[in-house]
Amino acid sequence: MQSLFYEIDKNSNDQFWIPPDINILAESSNIIHGGILTEVKPTGKSHETYFRLTKSYLIGISMSTSEIKKATKLRWKIIEPFLEERKEDNKFGFRICFGNQSQYFYAKSSDDLDKWIDKLSRLAVMTDIENDYKFLKQLGSGAFSIVYLAKDLDNFKQVAIKSFKKSYLNSESRINALKNEIEILSLLDHKNVVKLHKVYESENHVHLVLDYLEGGDLLQRILYKGPFDEKKASKLAYKLLSLLEYFSEMNVVHRDIKLDNILLVSSDKDTDFKLADFNLACVSEGNLTARCGSPGYVAPEILRKIPYGNKVDVFSVGIVLYMILSGHTPFSGRNSKQTLMKNKQCVINFNDQRWRSKTKSAIRAILILTQPDYRIRPSAKEALKFPWFSSFKEGKLVADFGFGSCFVRPPQPNSTRLPDINQVSRRRRVSVDESSRINEINEAIFSGLMNSTKKRVRNLSRPIDED
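Each residue of the sequence shown is one higher than the last, beginning at 1 in the UniProt record's numbering.
And the structure:
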């Protein structure tokens, strides 16, 4: 089987073994696993070598001098365990495949091999997923993937398996998107991020083994149980903004935060979640230009073709907050094009009767996060200073607070200041007729027909085409 990832691996290293460099030496002390393996050379000769496994490399160390001799980067290489049955004794080993090359290693015993495979499987690409997992049922599907519920045949735990048909991964951009998703999920380690456990490749598919969360997504939760109260909403928003603060430290931008991608740990815990679907995510310190996201959640600067950074995720959290408090979307349209147009204009309506019971601070919180001018919109760290987001900790709601000096930057040319809540009717209000029409559409969208709803309010992780 020619691996889909071979060209990716080849581009980073055109040889299987590479000499130690500064990165390998720096990582060599962060040991995940280690031990003696019998290495078979291309000539057929074999000898024992001590190998050290780190988060990126398999490192070979001289048995006599303890000197690091060589290393191979594992991320995109294929791992295949095998058993050689013999009359005298069986031999247990694995091969690491790199294009048409294969490097063979033998472990001391079956248990020793299991330990190596357990660690290697979390760092490289495995084969024969059917030997490790039983597929139970389909959970959902996207533009290029299908998500299945499966059972781990080793520990019997349930997992979600996201499967990509190789026939769909027929362009460099799609392969890079998958590569990007795998790399970012491998990079992140946070309780509110879906964990990537293993990657498998077969003749026709690539499979990502992920956490399974039985609570469903946040869109389903709103459809079936209705909007959140402010205490729950502030707690969820606080967790999302704290997660974005972590993303900022890791230079990660998600670019597709929406109700569908916020997965609940269980059906009875509305604020315990993990963020999923990193297909559009990237590692960047700013000045991104790709126009992508889901209509209704996209920061205006993306639609206006302005270079952007991680504040686009803050905007999306603001839209999520609006929707979980009201039960409807602020930018509903009859089709994606109309939704994107309203999304770009960023006119948010608070005239609906559902907002009459909400505190001014809750509405201010939404306005802070959805500020159309990215230069004024706060970072996640700045937004967390707004008292409403931590009001759930004290067990009481913040009735009304000002914005605070930390949110308002010096005026910028052509910028719009954060509006006073009493000025919303003039600054961010639609006409009565338009408001009625929007509310009618909102009611239709959130009528409980989940399947049709998802088709109307979400973009299946594809680049935006506004024209």
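From the three backbone atoms N, C-alpha and C, an ideal C-beta is built for every residue, glycine too.
It is roughly 18 Å from the alpha-carbon of Asn90 to the alpha-carbon of His47. If you draw a 10 Å sphere on the C-beta of Asn204, you find fewer than 16 other C-beta atoms in it, and that means exposed. Counting only runs of 3 or more residues that sit fully inside the region 72-146, the beta strand (DSSP E) segments are 78-84, 91-98, 101-106, 133-141, in chain order. In the structure shown, the three-state DSSP call for Val320 is helix. Nearest to Ile22 by C-alpha distance, out of Ala71, Ser391, Tyr106, is Ala71.
Just so you know, the alpha carbons of Ser56 and Ser326 end up roughly 45 Å apart. Counting only runs of at least 4 residues, the region 311-384 fully encloses the following alpha helix (DSSP H) elements, listed from N- to C-terminal order: 311-326, 336-345, 360-369, 380-383. When Ser145, Asn180, Glu183 are compared, the shortest CA-CA separation from Lys166 is found for Ser145. The straight-line gap separating the alpha-carbon atoms of Val252 and Leu188 is approximately 9 Å. Assignment of Ile18 by DSSP, reduced to helix, strand and coil, places it in the strand class. Between Ala160 and Leu178, the C-beta gap is not smaller than 9 Å, which leaves the two residues out of contact.
Going by beta carbons, Ile96 and Lys77 fall inside the 9 Å limit. Counting only the Cα atoms, Leu264 lies some 7 Å from Lys274.
In the structure shown, Ile36 falls within a strand segment according to DSSP collapsed to helix, strand and coil. If you compare the alpha carbons of Leu25, Glu88, Phe82 with that of Gln103, the shortest gap goes to Phe82.
Rounded to whole angstroms, Ala299 and Asn287 show a C-alpha spacing of 14 Å. If you ignore the 5 residues before and after Tyr6, its C-beta comes within less than 8 Å of the C-beta of Trp76, Phe98, Gly99, all in its own chain and listed in chain order. Rounded to the nearest whole angstrom, the C-alpha separation of Arg356 and Val317 is 22 Å. With a 10 Å radius around the Cβ and a threshold of 16 neighbouring Cβ atoms, Lys393 comes out exposed.
Counting only runs that start and end inside the region 216-286, the beta strand (DSSP E) elements of at least 3 residues fall at 262-266, 269-275. The Cβ atoms of Ala124 and Ile184 do not sit closer than 9 Å to each other.
DSSP places Leu58 in no alpha helix (DSSP H) but in the uninterrupted beta strand (DSSP E) bounded by 57-61.
In the DSSP secondary-structure assignment, Leu53 is bridged to His33, Leu58. Distance between Trp388 and Ala365, taken at the CA atoms: about 7 Å. Per the DSSP secondary-structure output, Tyr148 pairs in a beta bridge with Gln138, Ile161.
Judged by beta-carbon spacing, Ala281 lies within the 9 Å limit of Arg255, meaning their Cβ atoms are closer than that value.
Here Met323 is buried. Its C-beta has 16 or more other C-beta atoms within 10 Å.
Only exposed fits Ala143, as fewer than 16 other CB atoms lie within 10 angstroms of its CB. Checking the DSSP bridge columns, you'll see Tyr200 partnered with Met126, His207. By alpha-carbon distance to Phe16, the top candidate from Leu4, Pro42, Leu37 is Pro42.
Less than 9 Å separates the beta-carbon of Lys69 from that of Pro20. In the DSSP assignment, Ser173 falls within the alpha helix (DSSP H) that extends over 172-187.
In chain order, Leu240, Leu275, Tyr297, Asp313, Ser316, Val317, Val320 place their CB closer than 8 Å to the CB of Ile257, counting only its own chain and leaving out the 5 sequence neighbours on each side.
Ile24 sits in a helix when the DSSP states are folded into three classes.
In the structure shown, the three-state DSSP call for Leu303 is helix. Around the beta carbon of Pro330, a 10 Å sphere encloses 16 or more other beta carbons of the protein chains shown; the residue is thus reported as buried.
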